[in-house]
Each structure stands twice: as structure tokens, then as C-alpha cells.
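Taking my numbering, the leading residue of the sequence shown gets 837, the next gets one more, and so forth. Idealized CB from N, CA, C, for every residue including glycine. First up is the structure itself, then whatever we jot down about it.
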Amino acid sequence: MKNMLKMSPIIREDIENVYEALKDQLGKIGGSSWLISGGAGFLGSYFLDLLSFCNERVFDRPCRVICLENFISGTPARIQHLKDDKYIHVIKADIVKPLQLTGPFDYIIHAASIASPTFYRKYPLETIEANVLGLKNLLDLGRTRSLKSFLYFSTSEVYGDPSPGNIPTPEHYNGNVSCIGPRACYDESKRLGETLAVNYYRQYGLPVKIVRPFNVYGPGLKLDDKRVIPDFFSDALMRKKIAILSSGRDTRSFCYVSDAITGFMAALLSQYDGEVFNVGNDELEIDIKSLALLIAGLVGETAVEFKRSTEADYLTDNPRRRCPDLSKARALLNYGPAVSLESGLKRTLTWYKEAYGF
Ligand SMILES: NC(=O)c1ccc[n+]([C@@H]2O[C@H](COP(=O)([O-])OP(=O)(O)OC[C@H]3O[C@@H](n4cnc5c(N)ncnc54)[C@H](O)[C@@H]3O)[C@@H](O)[C@H]2O)c1
């Protein structure tokens, strides 16, 4: 990824769309203080961009933001354009280590984790630590401040491989997850993270909200991230056949990043302490082969092929289907996805061309 000295135009448009959707709520938070972990990652960086945009264009009194990031999977290039931002301070730090931070915080967002299966299988203990010990450090820090809200990033992977009767999957489905398989370092540590977070609410009244994102994609998801959408774009943009590393029959429901950020922010700024929300897109549950063909069509001059992954555990415990029940987020947060898969993929392609110079 190239170092970007200005916010990417396509990301700026996304940010403007998030702002438009949440104008009323965002209008009330000028002057607040934020702590964001994982701010160079795919999702965390959108929060930095949104707050930077609001400082520049919306707030009379700017927000101050501290971002903690150890760059284990995030890259400084993604947030290079914020280097001289007076109000956004990026500290290279591991949230698993004791935190010594001064100053007030109104909002804490814990978005640091290792979210790509290839990388969490490579760093299983670091993944568990970020999801549980890092979370506990931030919750404890939150207790010492008069916090307005705390957002914990869980995952739809807490549902594991749901039975057909539980698809679309509602928040009250308890999941079907292996506790010792190669994905367990992620799925089970997110489950324990949720338990920890709700009990900080129950025991200490900490205003925690939990979100379970369903396969978010879009600009900022690095081409070498190893999640399926960047993997397919990477093959196609490098003029290789798109390699499908499974039967291609499993399904996923992909959510464009500006929709997802709108849902996450709506949860954070809501009054629903101790609650958990699915955030995703329920309009299309698509099989992986059709996704590959769609991306092949958008990039052009490529075809698809079936291959075996070089990673032994690539398909172990891989869920067969993923589709969110969004009734709760629709009813309580007024959330609903607005960007179709095809238009989100086109926007993602524009960003890949811009950021990688294809
Ligand atoms: N993107 C999705 O589709 C998706 C889906 C479900 C859940 N989530 C969750 O949302 C959150 C953000 O996901 P993402 O896609 O942005 O992931 P990401 O891997 O792109 O970003 C995570 C960031 O956290 C940083 N990090 C990891 N461990 C750290 C530590 N110990 N200290 C400081 N920084 C650390 C990484 O360097 C990276 O920049 C994660 O908790 C993830 O599990 C994401």
C-alpha cells in the first residue's frame, strides 16, 4: 500500500456517508476524548478518519483521540495522512501490556485484534491476549474514568457453524463453536471477551456495548490481508486466475464498510449498555464461487479456478453459512445496510487501484 498523504477520496466519500447517516448523534459529541485500540487496522482507521473529518468540518470544539496500535497486522501507511493531525495521537503500544495513560476519556473503542484467519492461526496466543487481556486492560482503564460509552468488537464467528434453523442468525443463538480447533483462538477468545465485557457492565455499571460484525469489506482492507475479498482482488489485479481454495459452495453475507461503521457508531452512541448487536448486511447471502465470478467480472480479463490452500488448516471448522438477523439493530439502532455488494466491490476496486497503483 502506498503512503497516502491525504485521505483517500473514496474513503472520504464513505466517511461523508457515515456522517450523513449519523448527523444527529455525531453533532452532540464535539469536544469529547477518545481512546481507540487498533486504529491502523481496517475498521479502527475508519473511526480515526471519521473523527478527523468531524473535527475539521463539524465540531466547534474538536475531539481528542489517542490511538494505541502495535502494527502486528495494521500498517502505518493507512493512517499516514493523519501524521500531522493535532488532535489524533497515535502511540505505538501493545494493549496487552499495562497501560499508563493520563487524561480523561469519554469513549473507548477496542478494535485491536488479529482478524484475518490466516494471521490469527499464525499468532493464536497474541490473538487470545488482545481479545481478552487487552480488553480487560481497557475495561479497567474505563472504570477509572467517567466513561460515556465503551465499544467492544466481537465477531459473528461467536456463532461458529450455525444449524440451518438458526440462519439468519439472531443475537440470542448461542453458537456452535469448537473450543480447541485452529479457529478457537479467535472465536473462543471473542466469546470470553463478551462475557468479560457484559460482566463489567453488570458488576461495575461500565457502559459497554458489544458488536458482532459479519464479514465487513471495503477500502483499507489490505490486498495481502488473506480474507477472501482481498485475496480474490489480489489474484485478479495481478492478472492471475482467481483461486477458490474451497468447494466454493459455502456462503457469506458481506457488509460494506461505511454501512458497518454506521452501525458500530450507532451502537456506541446509543443508550443500550450491556447489549450486543449484529452488524452486517442481510440482503444477499452469496456463495464463494459466485463472489469470485462477480469480482472476475468487475476486474475483467481473468477467470476462476479451484485450488487447495497451502495452509493445512485453511478449511478446518470453516462455517458453511453466515447471514445476520438484523432485527435488533434495525429496531433499536435504526440500522440498515445501504450499499449493495456490487457497488461496494466497485468502490473497493477503485481504492485498490488508487492505493496500489494498478
Ligand atoms: N473486518 C471484519 O469483517 C470483522 C468481522 C468480525 C469482527 N471484526 C473485529 O473487528 C475488530 C477490527 O477488525 P479489523 O478488520 O479492523 O482487523 P485488523 O486486523 O485490520 O485490525 C486490527 C488492528 O489491531 C492491531 N493490534 C492487534 N493486536 C494489538 C495489540 N495487542 N495492541 C495494539 N494493537 C493491536 C493490529 O495491528 C491492527 O492494526 C477486531 O476486533 C476484529 O476481530 C472484524
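Output needed for residue i: all residues of its chain with C-beta closer than 8 Å, excluding positions within five of it in sequence on either side, in chain order.
i       : result
ASP940  : According to the sequence shown, residue 940 is Pro rather than Asp. The answer, listed in chain order, is SER869, ARG981, SER982.
LYS1143 : ALA1079, ILE1080, LEU1081
LEU1032 : VAL968, LEU971, LYS972, LEU975
PRO1000 : ARG1157
TRP1187 : SER844, ILE846, ILE847, GLY1054, PRO1055, GLY1056
GLY880  : ILE872, SER873, GLY874, CYS903, GLU905, GLY910, ILE945, ALA947, ALA948
Mark residue i as exposed unless 16 or more other C-beta atoms lie within 10 angstroms of its C-beta, in which case mark it buried.
i       : result
ILE944  : buried
THR1138 : buried
ASP860  : exposed
CYS1015 : exposed
ARG1085 : exposed
LYS1045 : buried
LEU975  : buried
ARG957  : buried
ASP1060 : exposed
ILE847  : buried
ASP920  : exposed
ARG1038 : exposed
LEU1074 : In the sequence as displayed, the identity of residue 1074 is Met instead of Leu. With fewer than 16 other Cβ atoms within 10 Å, it is exposed.
SER1179 : exposed
LYS1058 : buried
LEU937  : exposed
Can the beta-carbon of residue i be found closer than 8 Å to that of residue j?
i       : j       : result
ASP1118 : SER1089 : yes
HIS925  : LYS842  : no
GLY866  : ASP885  : no
GLU1007 : VAL1112 : yes
TYR1092 : TYR1053 : yes
SER985  : LEU1104 : yes
TYR882  : ILE1097 : yes
PHE1194 : LYS1062 : no
THR1005 : ASP1161 : yes
PHE907  : ALA876  : yes
LEU1042 : TYR1036 : yes
GLY1056 : PHE889  : no
GLU905  : LYS922  : no
TYR1192 : MET840  : no
ASN782  : ALA1165 : Nothing in the structure corresponds to residue 782, since the chain is present only between 837 and 1194.
PHE1050 : GLY1116 : yes
ASP1153 : ARG1019 : yes
GLU1190 : SER844  : yes
VAL1135 : LEU1185 : yes
VAL894  : LEU862  : yes
Please name the residue in the options whose C-alpha comes closest to that of residue i.
i       : options                           : result
ARG914  : ILE1080, ASN1012, LEU961, GLY874  : GLY874
ASN1010 : ALA1020, TYR1036, GLY1017, SER992 : SER992
GLU965  : GLY978, LEU974, ASN973, VAL932    : VAL932
ASP942  : LEU977, SER844, LYS972            : LEU977
LEU987  : LEU1185, GLN1107, MET840          : GLN1107
GLY1017 : THR1005, LEU971, ASN1051, ASP1149 : ASP1149
GLU1030 : ARG1019, ASN839, PHE989           : PHE989
TYR1040 : ARG979, PRO845, ALA1167           : ARG979
LEU1169 : SER909, LEU961, PHE1100, VAL1013  : PHE1100
LYS1076 : GLU1141, SER1163, GLU962, LEU937  : GLU1141
SER909  : ARG900, LEU935, PRO953            : PRO953
HIS946  : ILE872, THR911, ASN891            : ILE872
LEU1129 : LYS1164, ALA1167, ILE1065         : ILE1065
LYS1026 : ALA948, SER1145, SER1126          : ALA948
LEU1151 : SER1126, SER1083, ARG1183         : SER1083
Can you find the residues in the same chain that come closer than 7 Å, C-beta to C-beta, to residue i, ignoring five residues on each side of it along the sequence?
i       : result
ILE1131 : PHE1068, PHE1069, ALA1072, ILE1078, LEU1181
ALA951  : none
ALA1174 : ASP1095
ARG1156 : ASP997, ASP1086
ASN891  : PRO898, CYS899, TYR923
ASN1002 : TYR1009
PRO912  : ALA876
Taking 6 Å as the limit between beta carbons, can you name the residues of its chain near residue i, skipping five residues before and five after?
i       : result
ASP850  : SER1094
VAL1034 : GLY1110
ASN853  : SER1094
GLU1121 : THR1087, SER1089, CYS1159
THR963  : ILE950, TYR956, CYS1021, TYR1022
LEU961  : none
TYR1171 : GLY1099, ALA1102, ALA1165
SER1145 : LEU1081
VAL1013 : GLY996, ASP1023
LEU887  : CYS899, VAL901
LEU935  : ASN973, LEU977
Do we get a CB-CB distance below 8 Å when we pair residue i with the residues of chain D?
i       : result
VAL1093 : No chain D is part of this structure, which consists of one protein chain only.
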